[in-house]
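Peer 1: Protein chains in written order, with this note's numbering: chain V, 121 to 381; chain F, 6 to 247.
Think of the CB as a built atom: it goes at the ideal place given N, C-alpha and C, for glycine as much as any other residue.
Quick caveat, the model's predicted, so the values are computed rather than measured.
Submitted below is the structure of interest, expressed as structure tokens.
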């Protein structure tokens, strides 16, 4: 009964749960199709005859066309992605307490730390699917709503969007830790909302580059169309240890878990 | 301390409110059905959580098959089946899928799982609900599903906290027969907590009475007026504690 075999068993059960649950599918659709539709709506709105609307949306889709559309997508993804990924993590971890199934996760051969690791690994796979789906949705929606056939020049912009989506998924990991400590979904969701607020404050106060929860969004928003981003590679790299640290805290919390409240 | 079955020695856990359990000794031998009875708030669920590692004791030890649960390897836990408070039943999964998931978490070989699942579906009369999502099952059938998940892998130690809650009379009989088959036939050690005295008297070899977080005595399962004996113990303990 090796650790690897137990991890595989845990992964298979976690994958089964997220595949069957509405929250996984609904969040995937809302993130992928939702972000693409919001961005194309902004591009079309900026083109409209309504000067007030066009002036409001102008800064969001400045370049227009595919450039403006994909630029808008980074700004929407930085916030909506954090919320969407955070909701799924809060559900994965918090639902065991809300549904009462956590008692069934004790006194079994699979250690709770392994179960938590499996949840994070399944989330990571799901984040790859969502991020890939987002690129596909952006291409389909953009081409379908009059932006024309995309050229090879949008490759770097799509890569930036893909990277941003994955980094955002990593930054949502505190939701898993909070849902565990708070014994339910709401603690995880409240935490991710607080992270979004703090990220916005960091950006507005000029400290966004050094705040890992705002750095990817700021990087993506300021690095388009040949511009040099205000966020350095070193600042961006802080995302990995932050995600790993909260992942480690989550595993530790599950290892030490007691049902004393 | 017996080598097989379950043994708790001096188990205590006190909460900030003052409630908890205090210095409980209890052992269950293979093939024995042991019932734990007490009023609401007596400490039955707390004690069961301590036995299964859901709570850490302030003092005392718990051993399964002679192995302290703090060091118990996966193979020890693989032979434990339990249901505490809520059934392991995910609402988005069908009854069959939930049982498959429960079997995987008990490290059953994937090739073995379909046979075990089909057997327990028949044993606990869950076949009509096999492809129904747990979220739309009645609470009684969801409880039956949780019991099926706890029993399907033929554990050598079975721990059930108030398992007949929400079960209908046919479910109660099915559970009773399933437990007796595993205890008498397979030699499983069984611990069941309940506040239904007549129900536990039908299956238990021994009955312990828990009050105020302590074991205050035992009841004879074959006694004539078990309810009266139970309240005599409770009232005597209350007078002593006053």
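Consider the Cβ of residue 89(F): report whether some Cβ of chain V lies at a distance smaller than 8 Å.
Peer 2: Yes, its Cβ sits closer than 8 Å to a Cβ of chain V.
Peer 1: Name the chain F residues whose beta carbon is nearer than 7 Å to that of residue 364(V)?
Peer 2: Those do not exist, as residue 364(V) stays about 26 Å from chain F at its closest Cβ, beyond 7 Å.
Peer 1: Where do the N-terminal and C-terminal ends of the alpha helix (DSSP H) with residue 284(V) fall, by residue?
Peer 2: Start and end: 275–291.
Peer 1: Find the residues of chain V that neighbour residue 97(F), judging by a C-beta separation of less than 8 Å, and give them in chain order.
Peer 2: What residue 97(F) touches in chain V: 137, 140, 141 and 142.
Peer 1: Which residues in the same chain as residue 6(F) place their Cβ atom closer than 8 Å to its Cβ, once the five residues preceding and following it in sequence are excluded?
Peer 2: Because residue 6(F) sits at a pLDDT of 43, beneath the cut-off of 50, its placement in the model cannot be relied upon, and the following sentence gives the value as read from the coordinates. Answer for residue 6(F): 12, 14, 32, 68 and 71, listed in chain order.
Peer 1: Compare the beta carbon distance of residue 292(V) and residue 206(V) with 8 Å and say whether it is the shorter of the two.
Peer 2: Cβ atoms of residue 292(V) and residue 206(V): closer than 8 Å.
Peer 1: Cβ closer than 9 Å: which chain F residues qualify as neighbours of residue 288(V)?
Peer 2: The premise fails here: residue 288(V) is roughly 26 Å from chain F at the closest Cβ pair, so nothing lies under 9 Å.
Peer 1: So within the segment 168–201 of chain F, which uninterrupted beta strand (DSSP E) runs reach at least 3 residues, ignoring any that extend past its ends?
Peer 2: Complete beta strand (DSSP E) runs here, min 3: 194–199.
Peer 1: Taking the CB atoms as reference points, tell me whether residue 299(V) and residue 367(V) lie closer together than 8 Å.
Peer 2: Contact flag unset, no.
Peer 1: Three-state secondary structure (DSSP) at residue 138(F)?
Peer 2: Of the three classes helix, strand and coil, the one that applies to residue 138(F) here is strand, per DSSP.
Peer 1: State yes or no: is the C-beta of residue 215(F) within less than 8 Å of the C-beta of residue 43(F)?
Peer 2: The answer is yes: Cβ separation under 8 Å.
Peer 1: Could you list the residues in the segment 200–232 of chain V with a C-beta less than 9 Å from some C-beta on chain F, going in chain order?
Peer 2: Going along the segment 200–232 of chain V in chain order, one finds 215, 219, 220, 221, 222, 223, 224, 225, 226, 227, 228, 229, 230 and 231 with a Cβ nearer than 9 Å to chain F.
Peer 1: Are residue 174(F) and residue 206(F) touching if we call contact CB-CB under 8 Å?
Peer 2: The answer is no: Cβ separation not under 8 Å.
Peer 1: Using the C-alpha atoms, what's the distance from residue 162(V) back to residue 252(V)?
Peer 2: When rounded, the distance between both Cα atoms is 22 Å.
Peer 1: Let me know the secondary structure DSSP gives residue 227(V) once reduced to three states.
Peer 2: Coil.
Peer 1: Does residue 380(V) have its Cβ less than 8 Å from a Cβ in chain F?
Peer 2: Chain F, which has a Cβ nearer than 8 Å to the Cβ of residue 380(V), makes this yes.
Peer 1: Measuring only between beta-carbons, confirm whether residue 126(V) sits less than 8 Å from chain F.
Peer 2: At least one chain F Cβ lies under 8 Å of residue 126(V).
Peer 1: Using the rule of at least 16 other Cβ atoms within 10 Å of the residue's Cβ for burial, across every protein chain shown, is residue 124(V) buried or exposed?
Peer 2: Residue 124(V) is exposed by the Cβ-count criterion.
Peer 1: The alpha helix (DSSP H) spanning residue 163(V) covers which residue range?
Peer 2: First-last of the alpha helix (DSSP H) with residue 163(V): 155–167.
Peer 1: Is there a C-beta anywhere in chain V that falls below 8 Å from the one on residue 111(F)?
Peer 2: Yes, its Cβ sits closer than 8 Å to a Cβ of chain V.
Peer 1: Considering only the beta carbon of each residue, do residue 136(F) and residue 171(F) sit closer than 8 Å?
Peer 2: In this structure, residue 171(F) does not lie closer than 8 Å to residue 136(F) by Cβ.
Peer 1: Near residue 180(F), which residues of its chain fall below 7 Å by C-beta distance, leaving aside the five closest residues on each side in sequence?
Peer 2: Cβ neighbours of residue 180(F) beyond the five flanking positions: 152, 168, 169 and 172.
Peer 1: Between which two residues does the beta strand (DSSP E) containing residue 234(F) stretch?
Peer 2: Taken as a continuous stretch (DSSP letters only), residue 234(F) belongs to no beta strand (DSSP E), being part of the alpha helix (DSSP H) at 231–246.
Peer 1: Tell me whether the segment 78–91 of chain F and the segment 49–58 of chain F touch, counting them as touching only if at least three CB pairs, one residue from each stretch, are closer than 8 Å.
Peer 2: Segments in contact, yes.
Peer 1: From what residue to what residue does the alpha helix (DSSP H) around residue 16(F) run?
Peer 2: No alpha helix (DSSP H) contains residue 16(F), which is instead part of the beta strand (DSSP E) from 11–19.
Peer 1: Closest Cβ-Cβ distance between residue 300(V) and chain F: below 8 Å?
Peer 2: It does not; no Cβ of chain F falls within 8 Å.
Peer 1: Would residue 6(F) count as contacting chain V if we go by Cβ distances under 8 Å?
Peer 2: Here the model assigns residue 6(F) a pLDDT of 43, short of 50, so the residue's position is not dependable, and the following value carries that caveat. Not closer than 8 Å to any Cβ of chain V, the Cβ of residue 6(F) fails to qualify, so no.
Peer 1: Return the chain-ordered ranges of every beta strand (DSSP E) run that is complete within the segment 19–98 of chain F and spans a minimum of 3 residues.
Peer 2: Complete beta strand (DSSP E) runs here, min 3: 25–33, 38–42, 64–69 and 85–88.
Peer 1: Taking residue 61(F) as the query, report the chain V residues whose CB atoms sit under 8 Å from its CB, ordered along the chain.
Peer 2: The answer, in chain order, is 378.
Peer 1: Does the beta carbon of residue 4(F) come closer than 8 Å to any beta carbon on chain V?
Peer 2: Outside the displayed range of chain F (6 to 247) lies residue 4(F), so it cannot be described from this structure.
Peer 1: Check residue 305(V) in the structure and name its three-state DSSP category.
Peer 2: Note: residue 305(V) maps to helix in three-state DSSP.
Peer 1: Using a C-beta to C-beta distance shorter than 7 Å, which residues of chain F count as neighbours of residue 132(V)?
Peer 2: Within 7 Å Cβ-Cβ: 109.
Peer 1: Would you check if there are 3 or more beta carbon pairs closer than 8 Å linking the segment 239–259 of chain V to the segment 153–172 of chain V?
Peer 2: Counting Cβ pairs under 8 Å, three or more are found: they touch.
Peer 1: The alpha helix (DSSP H) with residue 120(F) in it runs from where to where?
Peer 2: Note, residue 120(F): alpha helix (DSSP H), 118–128.
Peer 1: So which residues of chain F does residue 129(V) contact, with C-beta pairs closer than 7 Å?
Peer 2: Here the neighbours are 109, 110 and 112.
Peer 1: Would residue 127(V) and residue 238(V) be called neighbours here (beta carbons separated by less than 8 Å)?
Peer 2: Yes.
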